[in-house]
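Residues in the sequence shown are numbered from 75 upward in steps of one, following the numbering used here. For each residue, glycine too, the CB sits at the ideal point set by N, CA and C. A short write-up of the structure that comes next.
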Amino acid sequence: FRYCEKLTSIVFPSMLTSIGQYDFWGCIALETIDFNHASCSVGSYAFQGCISIKHILNIENITSLGIGAFASRSWNTAGVPIEGDLVFNSLVSIGGSTADGTGCFNRSKITSFVAPVLQTISGGGNTYHRSVFSSCEQLKTVIFGDQVTAMGSYTFINCTALEAFVIKATTPPTILNAFQGCSHTNFR
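Spelled out as structure tokens, the structure:
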């Protein structure tokens with residue numbers, strides 16, 4: 075479906091197990107994705123450049139998100155306008171990015187992100203615009219469970235509205251420069 079410019083919505087079958095790399099890259103009219111409670115992984119750059127996405131539905135059973143899965147086309151363009159609260163009950167890993175891409179949710183309009191079994195958040199190396207949640211300026215709350223062991227550099231850089239960051243781990247994870255530009259964050 076790469077560059078399918080007239081595709082506006084997708085409802086995946088509930089038995090879906092994976093979405094491959096680049097599968098929906100550049101579907102610029104795509105506004106709504108319904109994962110239909112599927113227990114699946116989303117490949118790297120699967121929805122990159124889908125600049126009209128506003129709603130991602132029934133995502134609770136997604137197990138992994140690849141590098142740049144929902145990213146805008148490049149670091150300096152407007153983000154994918156995903157709105158609202160995202161709750162991933164089964165999400166174990168989120169990919170950051172490589173030198174040629176952008177972070178998984180960079181510049182999106184999400185307001186809260188909950189992932190109680192998340193273990194891995196890959197960072198963006200030494201460049202902030204390639205990090206998982208960079209410049210998500212409406213993101214206010216992030217809640218992780220007790221399994222996160224590390225977060226990569228610049229994971230939440232310039233998330234200027236971030237007020238609450240909760241990790242329920244008894245042993246604090248390794249956090250490397252994850253919150254630059256987040257001046258109002260309350261850590262719990």
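Taking C-beta to C-beta, are residue i and residue j nearer than 8 angstroms?
i	j	result
Lys242	Phe218	yes
Cys78	Cys101	yes
Ser138	Ser167	yes
Ser257	Lys214	no
Cys210	Cys233	yes
Keeping to the same chain, check which residues put their C-beta closer than 8 angstroms to that of residue i; ignore five residues upstream and five downstream.
i	result
Ile84	Phe98, Leu104, Thr106, Ile107 and Asp108
Thr244	Asp220
Glu134	His111, Val161, Phe162, Asn163 and Ser164
Gln95	Gly117, Ser118, Tyr119, Ala120 and Gly140
Val268	No statement about residue 268 is possible, as the shown extent of the chain runs from 75 to 262 and does not include it.
Please report the distance separating the alpha-carbon of residue i from that of residue j.
i	j	result
Ile156	Ser182	5 angstroms
Pro247	Lys80	43 angstroms
Gly226	Asn251	8 angstroms
Asn150	Ile195	Bear in mind that a pLDDT of 47 at Asn150, under 50, signals an unreliable position, so the model cannot answer this.
Phe239	Leu131	23 angstroms
Ser205	Thr82	27 angstroms
Gln212	Asn180	11 angstroms
Phe86	Ile125	19 angstroms
Glu237	Gln193	22 angstroms
Gly199	Gly142	Per-residue confidence for Gly199 stands at a pLDDT of 45, beneath the threshold of 50, marking its modelled position as unreliable; the derived number appears in the next sentence. Computed Cα separation, rounded: 14 angstroms.
Ala189	Val216	8 angstroms
Lys128	Ala145	13 angstroms
Return the first residue and the last residue of the beta strand (DSSP E) that residue i is part of.
i	result
Lys183	Lys183 to Ala189
His111	Taken as a continuous stretch (DSSP letters only), His111 belongs to no beta strand (DSSP E), as it is neither H nor E.
Gly158	Glu157 to Val161
Ala238	Ala238 to Ile241
Phe218	Thr215 to Phe218
Leu165	Counting along the chain, Leu165 falls outside any beta strand (DSSP E), and DSSP gives it neither H nor E.
Leu131	His129 to Leu131
Ile102	No beta strand (DSSP E) contains Ile102, which DSSP labels as neither H nor E.
Cys84	Rather than Cys, the amino acid found at residue 84 in this sequence is Ile. Note, Ile84: beta strand (DSSP E), Ser83 to Val85.
What residues in its chain sit with their C-beta under 6 angstroms from that of residue i, if we drop five residues either side in the sequence?
i	result
Ser92	Cys114 and Ser115
Ala224	Pro247 and Thr248
Tyr202	With a pLDDT of 41 at Tyr202, under the threshold of 50, the modelled position of this residue cannot be trusted; read the value that follows with caution. Once the five neighbours on either side are set aside, the close Cβ partners of Tyr202 are Ser208, Tyr228 and Ile231.
Leu90	Ala112 and Cys114
Gln254	Ile231
Please go through the same chain and pick out, in chain order, the residues whose beta-carbon is closer than 7 angstroms to the beta-carbon of residue i, but skip the five residues on each side of it.
i	result
Gly158	Ile184 and Thr185
Ala173	Reliability fails at Ala173, whose pLDDT of 47 lies under 50, so the model's placement of it is uncertain and the value that follows must be treated cautiously. Within the same chain, Ala173 has no close Cβ partners at all.
Phe75	Leu81, Asp97, Phe98 and Cys101
Ser88	Asn110, His111 and Ala112
Ala235	Glu211, Gln212, Leu213 and Lys214
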